[in-house]
Amino acid sequence: MASLELIIGNKNYSSWSMRPWIAMKMLDVPFAETMARLDFENHNQHLRDYSPSAKVPVLKNGDEVIWDSLAILEYVAELFPQKRFWPNDQAKRARARSISSQMHSGFADLRNECPMNMRRAPRAIEISKGVKRDVAQIEGLWRAALEQSRGPFLFGDFTIADAMFAPVVNRFLTYELSSDPLARTYSDAITALPAWQEWATAAREEKWTIDYAEV
Ligand SMILES: N[C@@H](CCC(=O)N[C@@H](CS)C(=O)NCC(=O)O)C(=O)O
Numbered sequence: 003m004a005s006l007e008l009i010i011g012n013k014n015y016s017s018w019s020m021r022p023w024i025a026m027k028m029l030d031v032p033f034a035e036t037m038a039r040l041d042f043e044n045h046n047q048h049l050r051d052y053s054p055s056a057k058v059p060v061l062k063n064g065d066e067v068i069w070d071s072l073a074i075l076e077y078v079a080e081l082f083p084q085k086r087f088w089p090n091d092q093a094k095r096a097r098a099r100s101i102s103s104q105m106h107s108g109f110a111d112l113r114n115e116c117p118m119n120m121r122r123a124p125r126a127i128e129i130s131k132g133v134k135r136d137v138a139q140i141e142g143l144w145r146a147a148l149e150q151s152r153g154p155f156l157f158g159d160f161t162i163a164d165a166m167f168a169p170v171v172n173r174f175l176t177y178e179l180s181s182d183p184l185a186r187t188y189s190d191a192i193t194a195l196p197a198w199q200e201w202a203t204a205a206r207e208e209k210w211t212i213d214y215a216e217v
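Following the numbering used here, the numbering of the sequence shown begins with 3 at its first residue and continues without gaps.
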């Protein structure tokens, strides 16, 4: 029997932490949650106590330590094969994995210039060509998936692919990055989720500020 502990960073800023957290909530995986507050002034030295990567999220299952968001999600999907973390259909699952990996390894301009910030009031900022390119590409990925699945999520039911893009929903809204109606419909479906609401409420109650992420 799994006894899972997910170690996460600040809910206001830690987009990588949000991904496994929201997927595990959505798929009713029982887990304990530990907050390891990000402390960039001290180079996040304390995160070494949890993970060889010295980053969050980290998942502990007894003595096993699993780190890196997508690896955690794959591990949990294997632990609970009866839960649909990925689409059932092989071709859809391959596409869901492709776009999840693309998110995990890409869209650096968007990630660097527009940090997730759950507390920030929506306001547009000057954005680079790189961010515009990332936004257009994500809109295209969402459109292709949603037109095929007919929603409400990228592959119909909520899967890891939605978890990987959940922090992007916050970025689109917070920096007013997209005027695509389909992206808005998808964002509305994500932000209406009780799990999203729970995370967002906790994030808003946090008092800590990370200067470089306040754009
Ligand atoms: N590739 C990692 C990235 C994890 C990551 O960068 N986490 C941030 C918080 S969102 C962190 O721990 N940063 C601490 C640091 O860089 O010192 C993943 O997918 O989990």
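By construction, the Cβ of each residue, glycine as well, lies at the ideal position given by its N, Cα and C atoms. Since we're looking at a predicted model, the values are computed, not measured.
Anticipated Cβ contact below 8 Å, residue i with residue j, distance rounded
i: Arg39; j: Arg121; result: Not really, about 15 Å apart at Cβ, beyond 8 Å.
i: Asp185; j: Asn119; result: A quick correction: the sequence has Ala, not Asp, at residue 185. Not confirmed; about 19 Å, so no contact.
i: Glu208; j: Asn44; result: The Cβ separation is near 18 Å, so there is no contact.
i: Trp18; j: Val58; result: 7 Å
Residue i (DSSP reduced to helix, strand or coil)
i: Ala34; result: strand
i: Gly158; result: strand
i: Glu200; result: helix
i: Leu179; result: coil
i: Glu207; result: helix
i: Leu195; result: coil
Inter-residue Cα distance where the pair is residue i and residue j
i: Asp136; j: Thr161; result: 22 Å
i: Pro154; j: Ala25; result: 16 Å
i: Ala110; j: Ser181; result: 21 Å
i: Trp210; j: Val217; result: 15 Å
i: Trp88; j: Ala79; result: 8 Å
i: Trp144; j: Ala202; result: 22 Å
i: Leu75; j: Asn172; result: 20 Å
i: Ser16; j: Pro169; result: 9 Å
i: Phe33; j: Ser5; result: 7 Å
i: Phe193; j: His48; result: Residue identity differs from the one stated: residue 193 is Thr in this sequence, not Phe. If I take the Cα positions, the gap works out to 32 Å.
i: Asp51; j: Arg152; result: 44 Å
Selected residue, minimal CA-CA separation from residue i, among the options
i: Gln104; options: Phe174, Thr203, Trp23 and Met166; result: Met166
i: Ala56; options: Leu175, Phe157, Ile9 and Leu112; result: Ile9
i: Ser107; options: Ala73, Phe82 and Pro183; result: Ala73
i: Gly158; options: Ala98, Trp69 and Glu76; result: Ala98
i: Asp70; options: Leu81, Ala168 and Arg21; result: Arg21
i: Leu81; options: Gly142, Asn63, Phe174 and Lys13; result: Asn63
i: Glu35; options: Glu43, Asp41 and Glu7; result: Glu7
i: Pro83; options: Ser151, Trp18, Glu178 and Val31; result: Val31
i: Gly11; options: Pro54, Val60 and Leu29; result: Val60
Chain D within 7 Å of residue i, Cβ atoms only
i: Pro59; result: Within the model displayed, chain D is absent; a lone protein chain is all it includes.
Going residue by residue through the stretch 115 to 162, where are the continuous alpha helix (DSSP H) segments of at least 4 residues, counting only ones entirely within it? Runs of the alpha helix (DSSP H) inside the stretch 115 to 162: 131 to 151.
Contiguous alpha helix (DSSP H) assignments of at least 4 residues, all confined to the stretch 9 to 95: 17 to 28 and 71 to 81
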